[in-house]
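Everything on this sheet refers to the single structure shown next.
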Amino acid sequence: MPLNRSKPRKPGNSSVPASDVRVRFAPSPTGPFHIGGARTALYNWLFVRSVGGRFVLRIDDTDQERSTEAYLQNCLDSLRWLGFDWDEGPEKGGEYGPYFQSQRMEAYRACVDAMLAKGQAYPCFCSPEEVQAGRERMQKEYSRPMYDRRCRHLSDEERAKNMAEGIPFTVRIKVPEGSTRLHDQIQGDIEVQHEEIDDFVLLRQDGSPLYNLCSALDDVDMRITHVIRGNDHMTNTIKQCLIWDAIGAKRPEFAHLPLILGKDGKKLSKRVANTNLLDYRDLGYPAPALVNFFTRLGWGFDAERDVFTMDEALERFQLSAVSKGGAVLDEDKLLWMCGHYIREMELSALREQVTPFVAGAGLMSAEEVEQRAAWFEAVLACYQERIHLYSELPEKISFFVRDDLDYEAKALKSLKKKPEIASYLQAYLEAVPDMQLPPSGADRPEAADRELKLPTKKEDTVPSGTSFTPPAKLEQAAREVAEQLGIGFGQLVHPLRAALSFSTQGAGMFDIVYLLGHEQVELRLRRAIEMLKAGS
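When we follow my numbering, the leftmost residue of the sequence shown carries the number 1134, and every step to the right adds one.
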């Protein structure tokens, strides 16, 4: 995404100088990259690019059992496809690496050792069963299903004895009395009483660190100034504040994004929420349309416009303007936006995007599309306003490439509507040689299509440098055939469309005639006539 900013802006109400702003996006490679992650990455990217800071990509891969290289690549490919470049992280390196949590274990354990030495954390020797029993008792007596903190009050002698006996233990933070307060640039002022917070685990029994410890310490070590993530992370933020406060670190500034909701205003369905983002790519969604759509999931450009460029968004984006309430994901609106982007594309750019789908459908190879670029772009022009996804194109244009398709049911019905239709098609076939159509296939000269503007307008003329009849005049020739037959124009055109395209819908009829070319028009008319005669 090209950026044309002349100078960076001040980062909203932040006390951090623009040049010092550092944000991080920290996905876990334990599953496919999805919509929620994309929106979070986008808002981090928008904010940091708008102020001229640094975008850090950090990989939270402490869950080694579920983390895979495939999921990591899925994440990186998704970010690249959407255009979210990063300044530090995988494939880039940086001053504050490593950027994989699995490579930072010594730092986490050293932090916990320091907290233990200062009495800010303690070993917990409770078995899972004892922890659960304590939670049930706390729920019954205080309506709080929390750890009952029994190990917090062990004496030094009791702890030493348990250690000597080799009893497994976790390490828990010692939550102090009082409350945690923070200001969120989106959600406002937040305060949570510490009596409502568990003495949460920092290290498991096997010595592996948990998410909140890793995330908090990495944010300190990587000089992160702003944490921008979903509102469902607010509980984690409170816990991380306790860690930052315990180790004497300055807290970053916060912005918790609204949850993404379904069209019904309820929690997003698992089908949508867990969709692999690259599935959208493979289904033919234009990446810029998705980015535009995701930008609106919590922030509006203005009341009058749904569509805008990223350069325009960067000029206006402010975290303080992001809404608190849930953001509704309207899939119908997304499809509309995709169609809008496709309609606005240059034909050469659209050709580049749809070529993989055309090749994947077995219609034309990428080399064939390139060799017949002028013709292919003329075909595209006829369907540019008729598709919402790149993947919709192959089915719509297949008849231009294949002459062995079966007639659709409605097309067959149109052809067999009257016994006289075979004679109508025969009359049109006999008029074809005088129509000066371009040749079909690879023999077609580029000039036949390069200068012609499709879809047809009434004022179209013969393309410069050729003697071929443009679609607007081909229509007049067909009207003359209908007049000679003594029938209405529609009585000829409807079966003609069915014979040439095997369908009753599609591009302009005489755009189709022109683009099919002389040989294909004659071939398909003969096929239809023979079929009708054989069936009569």
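All C-beta atoms, glycine included, are put in the ideal place defined by N, C-alpha and C.
Straight-line measurement puts the Cα of residue 1526 at about 32 Å from the Cα of residue 1614. One Cα belongs to residue 1529, the other to residue 1639, and the distance between them is close to 7 Å. Here the alpha carbon of residue 1628 sits roughly 60 Å from the alpha carbon of residue 1389. Residue 1522 is positioned such that its CB atom lies no closer than 8 Å to that of residue 1531.
The straight-line gap separating the alpha-carbon atoms of residue 1307 and residue 1326 is approximately 14 Å. Rounded to the nearest angstrom, the Cβ distance from residue 1656 to residue 1561 is 14 Å, too far for a contact under 8 Å. In this structure, residue 1348 and residue 1193 form a Cβ contact; the two beta carbons are roughly 7 Å apart against a cut-off of 8 Å. Scanning 1324, 1301 and 1344 for the CA closest to the CA of residue 1373 turns up 1344. Secondary structure remark: continuous alpha helix (DSSP H) runs of at least 4 residues inside the stretch 1562 to 1619, in chain order: 1580 to 1583 and 1604 to 1618. Just measuring C-alpha positions, the residue of 1435, 1328 and 1524 sitting nearest residue 1475 is 1524. In this structure residue 1394 touches residue 1400 by the C-beta definition: roughly 7 Å separates them, less than 8 Å. In the three-state reduction of the DSSP assignment, residue 1187 falls in the strand class. Between the stretch 1210 to 1219 and the stretch 1268 to 1285 there are fewer than three inter-stretch CB-CB distances shorter than 8 Å, so the stretches are not counted as touching. Secondary structure of residue 1257 (DSSP, three-state): strand. According to the DSSP secondary-structure assignment, residue 1312 is paired through a beta bridge with 1326. Annotation: the continuous alpha helix (DSSP H) that includes residue 1292 extends over 1289 to 1297. Residues 1497 and 1527 of the same chain have their beta carbon placed closer than 6 Å to that of residue 1491, with the five preceding and five following residues left out of the count. The DSSP-derived three-state label of residue 1385 is coil. Between the beta-carbon of residue 1452 and that of residue 1319 there is about 6 Å, and that keeps the pair under the 8 Å contact cut. Residue 1290 and residue 1297 have their C-alpha atoms spaced approximately 10 Å apart.
In this structure, the straight-line span from the alpha carbon of residue 1293 to that of residue 1161 is close to 37 Å. Each residue's CA atom was taken as its position, placing residue 1221 and residue 1519 some 41 Å apart. DSSP, read as helix, strand or coil, puts residue 1434 in coil.
Residue 1303: member of the beta strand (DSSP E) spanning 1303 to 1306, first to last residue.
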